[in-house]
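Accompanying notes for the structure given below.
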Amino acid sequence: MPQIVTIERHILDQQKRFPQATGALTGLLYDMALSGKLISRETNRAGLVGILGAADGVNVYGEQQQRLDMFADDVIFKMNDHTGRLCVMASEEHDDIMHIPDEFDCGNYALLYDPLDGSSNIDVNVSVGTIFAIQRKISAGERGALEDVLQPGRRLVAAGYMVYGSSTMMVYSAGQGVHGFTLDPSVGEFLLSHPDIRIPAKPRYYSSNQGYQKVWTPGVRRFCEWLQALDDDEREPLGARYVGSMVTDFHRNLLYGGVFFYPGDMQQPAKPNGKMRLLFEAQALAFLAEQAGGYASDGIGDILDIQPHSLHQRVPLFIGNRDLVETAESFIREHDQDWLEAYRPFREGRR
Ligand code: AHG
Ligand code: MN
Ligand code: MN
């Protein structure tokens with residue numbers, strides 16, 4: 002029988018490599034795994050809500066039905082508000098940072114999360130996920146502040162995601178490679194199934210919402226044609242796969258090789274900064290991509306080097322195999338001067 006490694010044991014083994022570790026990060030990662038189990042239980046039952054829930058929208062437990070992304074948001078907050086490990090939290094679902102309630106102690110970490118990514122897919126039984134990132138506290142006061150979450154991704158201590166798919170998985174990195182665990186629902190444990198994930202050198206897929214191709218910039222359009230290898234007989238064209246839950250698209254491309262991109266556009270009114278959120282989506286996945294040998298860019302440079310200016314800042318995102326993402330950057334440099342001029346003020350916090 003092969004060795005069975007639970008996520009708890011894996012996180013503890015990683016901690017042992019740092020003799021000075023207090024165990025706070027270990028506990029925090031384990032609480033994220035537990036949050037993942039609770040959210041997974043609800044997403045699995047999502048299709049049953051109409052059958053099991055009462056007609057007036059009150060569920061079997063007598064509670065008012067909540068949107069699943071609000072439920073996931075609540076689970077993560079409540080799992081982490083009282084542990085003394087965090088000084089502040091920030092979620093895609095909240096306009097402002099979330100303070101630790103006064104009755105609880107504050108700790109040395111800040112947690113950022115997208116409680117449910119791809120939530121528009123829930124009603125049609127397509128995979129969704131949770132994305133999280135952990136920063137170290139840098140603010141001077143005791144209770145944590147905005148500056149603790151507005152840090153470049155380069156400073157992340159750890160990041161990860163859960164995918165609620167045909168199986169539930171948790172994938173995380175604390176800066177020593179990327180490790181994937183699959184939930185065994187019969188025993189309720191995440192078991193190590195994908196140790197030390199490296200993005201394959203030969204990519205298979207590209208993922209983008211090609212329905213928006215008309216409003217893409219010329220450089221991005223050419224990049225996409227290049228991926229399809231239209232004018233290059235030496236490379237095989239990549240297959241197209243787009244789920245519309247970035248975390249799921251990223252997960253597939255991490256295992257098979259490829260690139261996900263959600264560019265800025267120049268339609269009227271233009272959205273030169275695209276859709277993905279720097280703090281709740283892009284940073285965490287960029288950290289994981291780098292740990293797996295890949296790369297993430299906003300079309301100009303490394304996502305991890307961008308200094309955030311606001312909590313809900315959006316960025317264009319190109320993420321996956323390093324050579325593919327660097328090719329996107331060079332197409333943009335060559336063809337997209339107008340877009341670069343329009344986007345820079347967003348990147349630099351002047352808009
Ligand atoms: P969220 O559900 O957290 O708001 O994120 C949705 C995001 C992302 O998961 C996905 O890749 C993208 O939106 C899909 O956008 P389009 O429908 O524009 O392709
Ligand atoms: Mn999202
Ligand atoms: Mn979301």
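For the sequence shown, the working numbering begins at 2 and goes up steadily by one.
Cβ atoms here follow ideal geometry from the backbone N, Cα and C, with glycine treated the same way.
Can Y162 and H252 be called in contact, C-beta distance under 9 Å? yes
Closer than 8 Å to a non-hydrogen atom of ligand 3 - does that hold for the CB of L117? yes
For C107, does the three-state DSSP call read helix, strand or coil? coil
If we count the other Cβ atoms within 10 Å of its Cβ and call it buried at 16 or more, is S36 buried or exposed? buried
What's the gap between the Cα of G119 and the Cα of V125? 11 Å
Within 10 Å of its beta-carbon, does E282 have 16 or more other beta-carbons around it, so buried, or fewer, so exposed? buried
So who's on the other strand from G161, going by DSSP bridges? F133 and Y173
Would you list the one or two residues that DSSP bridges to M277? V316
Do you know offhand how far I12's Cα is from Y31's? 8 Å
For I101 versus A146, is the C-beta distance shorter than 9 Å? no
Cβ of L239 within 9 Å of Cβ of L256? no
Hey, out of P270, F72, M277 and G48, whose CA is closest to I320's CA? M277
Taking the alpha-carbon positions, what's the F261 to D250 distance? 7 Å
Integer-rounded CB distance, given that M90 should sit under 8 Å from F105: About 12 Å; that fails the 8 Å criterion.
Spell out the partners DSSP gives F288 in its beta bridges. None; F288 has no bridge partner.
DSSP on G58, reduced to helix/strand/coil? With a pLDDT of 49 at G58, under the threshold of 50, the modelled position of this residue cannot be trusted, and the question is left open.
Through-space distance from R68 to Y62, alpha-carbon basis: Because the pLDDT of Y62 is 45, which lies under 50, any placement of that residue in the model is unreliable, and the question is left without a value.
Straight-line Cα distance separating V150 from C88: 10 Å
Cβ-heavy atom distance between G166 and ligand 1 below 8 Å? no
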